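Visitor:
Residue numbers (UniProt numbering): 1 to 452.
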């Protein structure tokens with residue numbers, strides 16, 4: 001039996017597992033009007049707790065999947081709004097924030113003082129030469145929080161310390177032909193101390209940790225030449241639980257494509273674009289979806305898993321992953337006698353891989369254009385954003401060729417959209433550690449709040 005305790009608001013109850021429900025929700029969702037009315041028909045002063053059986057509780061949970069939290073524990077909506085605007089614009093004065101938000105000047109001042117006192121924002125140089133007193137813009141304080149990032153990829157593992165504005169302050173990388181849970185955990189243990197020292201941080205100065213990794217690492221082993229038996233170890237490995245034994249911080253785990261998308265949404269800038277589809281070209285292609293200005297992970301946290309997306313039948317396969325992935329370029333380089341893993345080394349010169357690189361870009365762009373059209377048939381996106389684990393000049397060429405291929409596609413029934421370069425770059429999945437916590441604690445998630 002589950003007991004509901006009355007809150008201070010009329011006809012509103014807080015389940016002991018922290019689910020907040022209104023009277024109307026309870027009645028509409030479960031039909032237990034009679035039981036609930038008996039508990040609350042005398043008003044708040046006369047309310048007593050109401051007992052609910054397990055079946056009714058399950059109905060409530062299914063009908064109300066979002067959990068509420070006490071306002072004490074959640075940053076106020078207006079404070080999140082101001083922080084988000086400052087982050088998007090780079091800096092903001094109180095007057096600009098007042099105009100942008102519709103808040104009163106006094107409310108804006110109170111919010112700015114609170115954010116500044118917490119060290120979340122810092123003052124810039126006063127703007128002079130205008131009528132009246134000089135105005136002072138405020139910007140996000142990079143040192144407000146620091147996070148530890150662990151990225152587990154199919155060809156490399158990274159650990160890094162990332163600050164509040166998404167800058168990597170120190171990092172370590174290990175290249176490898178395939179990852180195993182044992183190798184990933186040993187790498188983390190051996191490199192954590194060094195990466196903290198390089199960033200001049202200790203464990204107490206870290207606010208949280210995030211892991212970005214492909215879900216189902218045990219799948220598609222043949223495609224990237226990994227032994228299936230060893231990769232099967234990932235199936236029952238709880239990386240968050242194992243890391244939690246080592247570190248005192250909260251550990252989040254996110255699909256690497258969604259994580260890269262979140263980094264782009266938090267630290268990139270796509271002005272005027274609220275709904276966009278995001279592709280990240282790594283060993284395998286992945287990505288994410290942004291709706292109403294917020295990342296939409298989906299109920300299984302795997303939205304934007306574009307690898308299996310079907311493309312027109314052609315040599316090599318009929319999935320997007322068969323054409324727009326770096327493993328395809330790997331195979332071409334290996335067939336010519338080159339080192340296929342050199343493309344994952346930072347600073348490597350990709351011009352050395354011509355004409356294989358040009359052929360790969362042409363084929364990847366063609367299939368990305370097919371994927372964009374398929375995405376548009378489902379959701380009315382404003383833009384497609386493309387990034388990946390490659391140098392910026394390769395990204396520029398891939399995006400340009402994708403635009404060209406898209407302009408030649410049959411777009412009847414859908415519209416032509418902007419194809420833009422990702423701004424965060426090849427280390428988006430690593431930077432996502434900061435993005436995960438910034439998004440959860442200091443930004444407005446429109447998909448959760450259901451606000452216009």
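We treat Cβ as the ideally placed atom computed from N, Cα and C, and that holds for glycine. On a predicted model such as this, the values are computed, not experimentally measured, just so you know.
Helix, strand or coil for residue 218 per DSSP?
Guide: Start at 1 with the first residue of the chain shown, and residue 218 comes out as number 218. Reduced to three states, the DSSP call for residue 218 is coil.
Visitor: For residue 179, which of 327, 405, 232 has the nearest alpha-carbon?
Guide: Walking along the chain shown from the start, residue 179 turns up at place 179. Residue 179 has its Cα closest to that of 232, out of 327, 405, 232.
Visitor: DSSP three-state label for residue 314, please.
Guide: Looking up residue 314 in the chain shown gives position 314. DSSP places residue 314 in strand when its eight states are reduced to three.
Visitor: Mind checking residue 457: buried by the 16 CB within 10 Å criterion, or exposed?
Guide: Look at the range of the chain in this structure, 1 to 452, and you will see that residue 457 is not part of it.
Visitor: So, helix, strand or coil for residue 445, using DSSP?
Guide: In the chain shown, counting from the first residue as 1, residue 445 sits at position 445. Note: residue 445 maps to coil in three-state DSSP.
Visitor: For residue 401, does the three-state DSSP call read helix, strand or coil?
Guide: As a working mapping, residue 401 is identified with position 401 in the chain shown. The answer is helix: DSSP assigns residue 401 an H, G or I state.
Visitor: Are the CB atoms of residue 103 and residue 123 within a distance shorter than 7 Å?
Guide: Residue numbering aside, residue 123 sits at position 123 when the chain shown is read from its first letter. Residue numbering aside, residue 103 sits at position 103 when the chain shown is read from its first letter. Not a contact, by the Cβ cut-off of 7 Å.
Visitor: Distance check for residue 444 and residue 110, CA to CA, integer angstroms please.
Guide: Counting from 1 along the chain shown, the entry for residue 110 is found at position 110. Counting from 1 along the chain shown, the entry for residue 444 is found at position 444. Roughly 19 Å separates the two Cα atoms.
Visitor: Extract the residue ranges of the alpha helix (DSSP H) inside the region 177 to 230, only unbroken runs of 4 or more that lie entirely within it.
Guide: Correct list: 181 to 198.
Visitor: Below 8 Å on the Cβ atoms is my contact criterion, and I expect residue 258 with residue 300 to pass it. Report the Cβ-Cβ distance as a whole number of Å.
Guide: Counted from its first residue, the chain shown places residue 258 at position 258. Counted from its first residue, the chain shown places residue 300 at position 300. Contact doesn't hold; Cβ gap of about 11 Å is too wide.
Visitor: Find out if the Cβ-Cβ distance for the pair residue 356, residue 350 is shorter than 7 Å.
Guide: Reading the chain shown from its first residue, position 356 is the one you call residue 356. Reading the chain shown from its first residue, position 350 is the one you call residue 350. No. Outside cutoff.
Visitor: Quick check on residue 319: does DSSP put it in helix, strand or coil?
Guide: The residue labelled residue 319 in the question sits at position 319 within the chain shown. Residue 319: strand per DSSP, three-state reduction.
Visitor: With a threshold of 16 other CB atoms inside 10 Å of the CB of residue 427, please say whether the residue is buried or exposed.
Guide: As a position in the chain shown, residue 427 is number 427, starting the count at 1. Buried, by the Cβ-count rule.
Visitor: Return the chain-ordered list of same chain residues with a C-beta closer than 7 Å to the C-beta of residue 31, the five sequence neighbours on each side being excluded.
Guide: Looking up residue 31 in the chain shown gives position 31. Confidence is the limiting factor: at residue 31 the pLDDT is only 38, short of 50, which leaves the residue's position unreliable and the question unanswerable from this model.
Visitor: My output table needs one value for residue 357: the three-state DSSP class, helix, strand or coil.
Guide: Numbered from its first residue, the chain shown carries residue 357 at position 357. Residue 357: helix per DSSP, three-state reduction.
Visitor: Does the distance between the C-beta of residue 372 and the nearest non-hydrogen atom of the ligand GTP fall short of 6 Å?
Guide: Inclusion of the ligand GTP in the displayed structure is not the case, the ligand content being empty and no account of it being possible.
Visitor: With a threshold of 16 other CB atoms inside 10 Å of the CB of residue 442, please say whether the residue is buried or exposed.
Guide: As a position in the chain shown, residue 442 is number 442, starting the count at 1. Classification for residue 442: buried.
Visitor: Work out the CA separation of residue 377 and residue 437 for me, nearest whole Å.
Guide: Sequence index remark: in the chain shown, residue 437 carries index 437 (1-based). Sequence index remark: in the chain shown, residue 377 carries index 377 (1-based). Residue 437 and residue 377: Cα-Cα distance of roughly 32 Å.
Visitor: Which residue comes first and which comes last in the alpha helix (DSSP H) that contains residue 107?
Guide: For the purposes of this step, residue 107 is identified with residue 107 of the chain shown, where counting begins at 1. Counting along the chain, the alpha helix (DSSP H) containing residue 107 begins and ends at 105 to 117.
Visitor: Pick out whichever of 375, 166, 101, 313 has its Cα sitting closest to the Cα of residue 411.
Guide: Counting from 1 along the chain shown, the entry for residue 411 is found at position 411. Taking only the C-alpha atoms, the option nearest residue 411 is 375.
Visitor: Helix, strand or coil: how does DSSP classify residue 409 here?
Guide: Taking the first residue of the chain shown as position 1, residue 409 is located at position 409. Three-state DSSP puts residue 409 in coil, outside helix and strand.
Visitor: On a Cα-Cα basis, can you pick out the residue from 395, 384, 276 that is closest to residue 325?
Guide: Here the question's residue 325 lines up with position 325 in the chain shown. The shortest Cα separation from residue 325 among 395, 384, 276 belongs to 395.
Visitor: List the DSSP bridge partners of residue 147.
Guide: Here residue 147 refers to the residue found at position 147 of the chain shown. Beta-bridge pairing links residue 147 to 162, 208.
Visitor: What is the DSSP secondary structure of residue 77, counted as helix, strand or coil?
Guide: For the purposes of this step, residue 77 is taken as residue 77 along the chain shown, with counting starting at 1. Here residue 77 sits in helix by DSSP.
Visitor: Secondary structure at residue 127, three-state DSSP: helix, strand or coil?
Guide: Within the chain shown, the letter at position 127 stands for residue 127. The answer is strand: DSSP assigns residue 127 an E or B state.
Visitor: In the DSSP assignment, what residue or residues form a beta bridge with residue 460?
Guide: Residue 460 lies beyond the range of the chain shown here (1 to 452); nothing can be said about it.
Visitor: If you drop the 5 nearest sequence neighbours on each side, which residues of the same chain put their C-beta closer than 8 Å to that of residue 416?
Guide: Taking the chain shown and counting its residues from 1, the one referred to as residue 416 is at position 416. Correct list, in chain order: 406, 407.
Visitor: Would DSSP call residue 340 helix, strand or coil?
Guide: Position 340 of the chain shown, counting from 1, holds the residue named residue 340. Looking at residue 340 - three-state DSSP - the assignment turns out to be helix.
Visitor: If you draw a straight line from the C-alpha of residue 74 to the C-alpha of residue 80, how long is it?
Guide: As a first step, residue 74 must be located in the chain shown, where it is residue number 74. As a first step, residue 80 must be located in the chain shown, where it is residue number 80. Only weak support exists for where residue 74 lies, its pLDDT of 41 falling under 50; the coordinates are left without a value.
Visitor: Quick one: what does DSSP say residue 167 is sitting in, helix, strand or coil?
Guide: Locating residue 167 in the chain shown gives position 167, where the first residue counts as 1. In this structure, residue 167 counts as coil in the three-state DSSP scheme.
Visitor: Is residue 99 buried or exposed, if buried means 16 or more other CB atoms sit within 10 Å of its CB?
Guide: If you number the chain shown from 1, residue 99 lands on position 99. Label assigned to residue 99: exposed.
Visitor: Does the separation of the CB atoms of residue 193 and residue 250 fall below 7 Å?
Guide: Within the chain shown, the letter at position 193 stands for residue 193. Within the chain shown, the letter at position 250 stands for residue 250. Cβ distance not < 7 Å, so residue 193 and residue 250 don't count as in contact.
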